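Single-structure report; data block below.
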Amino acid sequence: MVYTSEYPKPAVTVDCIVFGYSQSSLQVLLIKRGIEPFKGKWALPGGFVKLDETLDDAARRELLEETGLENVYLEQLFTFGAVDRDPRERVISVGYFALINLSAGKNIKGSTDADEAKWFDINQLPPLAFDHQHILDTAINRLKAKIVYQPIVFELLPAKFIFSDLENIYETILQTTLNRRNFRTKIMATGLVKELNEYLKNTPYRPPKLFQFDRKKYMKAKNKEINLRF
5 MVYTSEYPKP AVTVDCIVFG YSQSSLQVLL IKRGIEPFKG KWALPGGFVK LDETLDDAAR
65 RELLEETGLE NVYLEQLFTF GAVDRDPRER VISVGYFALI NLSAGKNIKG STDADEAKWF
125 DINQLPPLAF DHQHILDTAI NRLKAKIVYQ PIVFELLPAK FIFSDLENIY ETILQTTLNR
185 RNFRTKIMAT GLVKELNEYL KNTPYRPPKL FQFDRKKYMK AKNKEINLRF
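With the numbering used here, letter number 164 in the sequence shown gets 168, and the count goes up by one each step, no holes.
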């Protein structure tokens, strides 16, 4: 039996909010649109979901096609369905967000319907197409809330890092000044961070020690709530 529906069918898109961190700056990956509507405007990477793919597959495909990024962990954020959010037709968008170390995103390039892909400081953004500023704001608020109960910020760091980089990431995202002694005590108490007998090289001052997060403990804790409220 063939089933049909009498109801109108809205289109579905995915939009990807990819965060990176560099020199006390939280950054987001944007693409310059190569097609109308909003041709030449900056937007979040994304596009229409095909009939034969899942939402997750669509998000990964669009991110690869428009920026060259692949093998990026994407987490579903929220569904955006304002009636007039797209001038073409009724479009519902599912947002995804991810955190990556910028060394993994240094070779990004615009492709398909994206003329350019570029990292932007979240405090120095150009006007965004569609309702993408609202989507980005939602992702930033989710990130602020989540980093105090899940250790996801380690995704922004290289394999080995100095402790002040970890402190700066939290201060940058939370937009606050931490008590660094209390912060260090609380982070080390989680058991997720190991102090190494190695030092940062090629520094003009006394080299600081390097740290590394425990990947096995991290993966176990990643989906569990822990107390990281400072």
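C-beta: ideal position from N, C-alpha, C; glycine also.
Remember, it's a predicted structure, so these values are computed and weren't measured experimentally.
Excluding the five sequence neighbours on either side, which residues of its own chain have a C-beta within less than 7 Å of the C-beta of residue 53, listed in chain order?
16, 17, 18, 59 and 62
List the residues that DSSP assigns as beta-bridge partners of residue 31.
24 and 125
Where residue 223 and residue 168 are concerned, what is the direct C-alpha to C-alpha distance, given to the nearest angstrom?
Between residue 223 and residue 168, the C-alpha separation is close to 23 Å.
In chain order, what residues of the same chain lie with their CB nearer than 8 Å to the CB of residue 138, ignoring the 5 residues before and after it?
84
Can you tell me the Cβ-Cβ gap for residue 196 and residue 156, rounded? I've got them flagged as a contact below 8 Å.
The Cβ separation is near 11 Å, so there is no contact.
Mapping DSSP to helix, strand and coil, what is residue 210?
Correct three-state label for residue 210: coil.
Classify residue 201 as helix, strand or coil using the three-state DSSP reduction.
strand
Rounded distance between the beta-carbons of residue 100 and residue 69, thought under 8 Å
Between residue 69 and residue 100, the beta carbon gap of about 15 Å keeps them out of contact (Cβ cut-off 8 Å).
For residue 81, the first and last residue of its enclosing alpha helix (DSSP H):
That residue, residue 81, is in no alpha helix (DSSP H); its beta strand (DSSP E) goes 79-84.
Any beta strand (DSSP E) of 3 or more consecutive residues that is wholly inside the segment 100-151:
118-125
Between the alpha carbons of residue 71 and residue 107, how many angstroms are there, rounded?
14 Å
Exposed unless 16 or more other CB atoms sit within 10 angstroms - verdict on residue 24:
buried
According to DSSP, is residue 163 part of a helix, a strand, or is it coil?
Three-state DSSP puts residue 163 in coil, outside helix and strand.
Residue range of the beta strand (DSSP E) that includes residue 52
50-52
First through last residue of the alpha helix (DSSP H) which encompasses residue 60:
59-71
Would the beta-carbon of residue 34 fall within 8 Å of that of residue 124?
Taking 8 Å as the cut-off, the Cβ atoms of residue 34 and residue 124 count as close.
Does the Cβ of residue 210 have 16 or more other Cβ atoms within 10 Å, making it buried, or fewer, making it exposed?
exposed
Taking just the CA atoms, how far does residue 189 sit from residue 230?
14 Å
Are residue 28 and residue 176 close, meaning C-beta to C-beta below 8 Å?
yes
Smallest Cα separation from residue 192: which of 208, 170 and 203?
170
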